[in-house]
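Take a look at the structure set out below.
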Amino acid sequence: MRLRGSLSILSKSSPYAVATDNMGRIYTELDTFKKYLYITTKVEQAISNTLKKLSPNERKIIFLCGSSGDGKSAILTKLKSSYETFVSFHLDATHSFSPHEDAIQTLDSVFHKHDQKFKPLVVGINTGMLGNYSQEGANERIKSAIAKYLETGEQQSDVHFINFEDFPKFELDDSGLRVKFAEELLDKLTSNSELNPFYKACQFTKENKPSLEEQILIANYELLCLSAVKKTVIELLFKARVYKNQFLTARALLDFIFEMLAGPRYLMDNLFEGVENEIGQKLADFDPANIRTKSVDRFILAANLGIHEEAFDQFESDVTTQLRINLTNTENNAQSYLRLFYLLMPEPFSNDYHKEFSEAFSDEDLSGYIKLYRLHMEAAKYEDRLAVRDFYSKQLRPALRHFNNRSGRKLEKNQYLVSEAQGFAIAAKIDIKFDRIKLLEAIQRDQNKAPNISHFEAHISVNSNPASILVNANLYKLINKINDGYRPNRHDKNAIILLDELNDDIAQIANQSNTLQFITDSKTILVEQVDKDEFEVSGL
């Protein structure tokens with residue numbers, strides 16, 4: 001089989017995009033590719049271990065729940081062949097058995113039949129459908145179990161939930177950022193082993209008069225085989241998650257890889273030109289060709305004028321001969337080369353001309369966010385506490401003050417604007433510190449929860465009163481920009497909401513202060529409560 005045909009199983013339009021009971025009896029030529037690429041995940045191991053412990057006469061119900069496209073049906077289809085003799089399976093709770101029934105009514109029928117049997121039941125279900133059934137379903141026992149699980153995470157003895165969200169795809173360990181499912185998938189897809197049918201399909205296509213379109217596809221596949229490119233793709237997936245809140249389902253990831261490889265242009269252009277895929281559309285915002293720095297602008301200008309450095313000419317020659325990528329006569333080839341530089345950045349290539357853009361392409365905000373996330377997860381260590389305290393004192397606290405006092409009033413470092421009235425700015429002195437005790441309590445409380453790399457909780461003490469804020473990558477970036485003099489606007493609204501909520505808490509605490517300052521351009525009036533009904537006023 002030729003390469004394009006083998007890669008077609010990755011596409012969302014492929015019959016393999018959704019697993020069904022009869023898949024083992026059709027499309028036999030592509031089965032080899034599908035089976036080779038299959039990866040056993042932690043969530044599959046969890047439900048497999050649960051099934052192994054079931055007794056045949058047990059009336060237990062197991063819900064495998066998650067998002068649409070995350071692979072529930074694929075996992076259950078595989079497990080069904082081993083356990084269907086003593087376990088009933090309902091692969092997809094969004095489907096009905098009849099045009100006269102909706103999904104809720106179908107679940108009612110499934111649960112009614114289950115109640116008549118001495119047999120375990122496994123149900124694949126979206127989290128949203130769980131909530132719908134808890135509101136609209138007919139089986140009160142199961143509705144109650146679902147409601148308790150959704151509200152508190154509580155499991156019942158006869159109704160058990162295994163949730164994809166408890167097995168996060170993005171992790172941080174001692175080696176750094178890991179997206180194990182995506183890493184394993186890319187490694188299997190691009191392995192140069194003779195056991196890899198995709199690699200064999202690539203070799204077959206190369207040796208049998210590839211068309212121009214196939215030559216580009218081969219170049220894209222071989223480019224993805226480079227470890228530097230796979231590393232960069234993984235980082236881009238992480239950026240899409242933390243900056244754009246893009247979830248990584250199995251179906252979306254497979255389709256993204258297909259569009260990246262089989263799109264109309266070379267891989268680096270397919271990546272950043274908004275391919276018809278939910279992940280790819282988010283990556284367009286991270287296009288390195290849109291970065292404006294001196295080195296990038298100089299390169300674009302030189303390329304448009306046809307002026308090239310000798311070092312670039314050598315790099316371009318190696319790209320053509322080693323990577324089989326020919327951009328000589330393509331439109332906007334400067335953009336394509338900048339994207340290629342970005343993809344190759346993690347490792348050496350040719351004369352390392354691409355490394356000249358390392359500073360332009362570095363994302364210090366993302367690196368800082370990852371560091372702070374890890375520190376907040378491990379803040380029990382003394383050396384970590386010092387680094388965390390620096391974030392609170394040198395980044396978060398100044399940003400809160402600048403954001404809160406953005407009206408233009410000149411206030412001292414520890415003064416926070418409470419309100420403005422009759423030409424006066426009403427301010428209070430606020431002492432904001434890192435609340436290590438609350439952070440350690442939160443770590444202890446959440447130690448059994450699956451880590452969510454999309455945010456960490458920052459804990460502060462405001463005049464000895466506890467307060468907190470969820471810091472995500474966008475807010476962390478905004479904090480740094482505010483400290484550099486940036487004034488937030490409507491484009492920052494999601495991060496601003498988090499700052500506004502914390503500032504509202506700070507204002508409530510400030511209102512309880514026994515000392516307020518009324519400030520105009522010419523004078524400051526200090527009002528201090530010295531007793532229940534006694535105030536001292538100075539500065540008049």
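Numbering follows the UniProt record's numbering, in which position 312 of the sequence shown is assigned residue number 312; successive positions increment by one, without gaps.
All C-beta atoms, glycine included, are put in the ideal place defined by N, C-alpha and C.
Please read these numbers as outputs of a predicted model, since none were measured by experiment.
Item	Value
Ala250: which of Asn472, Asp31, Gly66, His95 sits nearest, CA to CA?	Gly66
Considering only the alpha carbon of each residue, which of Leu498, Ile509, Gly423, Cys202 lies closest to Gly5?	Cys202
Using a Cβ-Cβ cut-off of 6 Å (strictly less than) and excluding sequence neighbours within five positions of Asp431, which residues of its own chain qualify?	Asn463
Which ranges does the alpha helix (DSSP H) cover as unbroken runs of at least 4 residues, wholly within the segment 389 to 455, from first to last along the chain?	397 to 404, 436 to 445
Cβ of Asn270 within 9 Å of Cβ of Tyr36?	no
Give a yes or no on whether the C-beta atoms belonging to Ile62 and Lys34 are separated by under 9 Å.	no
Go through the segment 452 to 495 residue by residue and report every complete run of the beta strand (DSSP E) that reaches 3 residues or more, in order.	456 to 462, 465 to 471
I'd like to confirm the pairing. Which residues does DSSP put opposite His90 in its beta bridges?	Val123
Under three-state DSSP, which class holds Leu177?	strand
Restricting to Cα atoms, I'd like to know which of Asn290, Leu498, Pro466, Asn465 is closest to residue 558.	There is no way to answer for residue 558, as the model of the chain reaches only from 1 to 540.
Helix, strand or coil for Thr249? Go by DSSP, reduced to three states.	coil
Which same chain residues, not among the five before or five after Leu64, have their C-beta less than 6 Å away from its C-beta?	Ile47, Lys72, Gly124, Ile162
How long is the line joining the alpha carbons of Asp333 and Asp166, rounded to whole angstroms?	Sequence check: residue 333 is Asn here, not Asp. Cα to Cα, the separation comes out at about 44 Å.
Quick check on Ala421: buried or exposed, where buried means 16 or more other Cβ atoms within 10 Å of its Cβ?	exposed
Would you tell me roughly how many angstroms separate the C-alpha atoms of Lys209 and Glu58, rounded to the nearest one?	60 Å
For the structure I just gave you, are there three or more beta carbon pairs, one from the segment 224 to 233 and one from the segment 332 to 348, closer than 8 Å?	yes
Per DSSP, Lys528 is paired with what?	The question names Lys, yet the displayed sequence has Glu at residue 528. Thr515, Glu536.
Helix, strand or coil for Glu378? Go by DSSP, reduced to three states.	coil
In the DSSP assignment, what residue or residues form a beta bridge with Leu172?	Leu177
State yes or no: is the C-beta of Leu372 within less than 9 Å of the C-beta of Ala427?	no
How would you label Arg25, buried or exposed, when you count the other beta carbons within 10 angstroms and need 16 or more for buried?	Unreliable positioning characterises Arg25 in this predicted model, as indicated by a pLDDT of 48, which lies under 50. The coordinate reading is nonetheless provided below. Its Cβ having fewer than 16 others within 10 Å, Arg25 is exposed.
Identify every residue that forms a DSSP beta bridge with Asn163.	Cys65
Which word fits Leu475, buried or exposed, when buried means at least 16 other C-beta atoms lie within 10 angstroms of its C-beta?	buried
With distances taken Cα to Cα, identify the nearest neighbour of His402 among Asp363, Asp484, Glu378.	Asp484
To the nearest angstrom, how far is the alpha carbon of Asp390 from that of Gln105?	56 Å
Since Arg406 and Arg487 are thought to touch, with beta carbons under 8 Å apart, how far apart are those beta carbons, to the nearest angstrom?	7 Å
Where does Phe118 sit, in a helix, a strand or coil, going by DSSP?	coil
Give every residue of the same chain whose Cβ lies closer than 8 Å to the Cβ of Thr40, excluding the five residues on either side of it in the sequence, and list them in chain order.	none
Span of the alpha helix (DSSP H) holding Cys202?	197 to 207
For Arg339, which of helix, strand or coil comes out of DSSP?	helix
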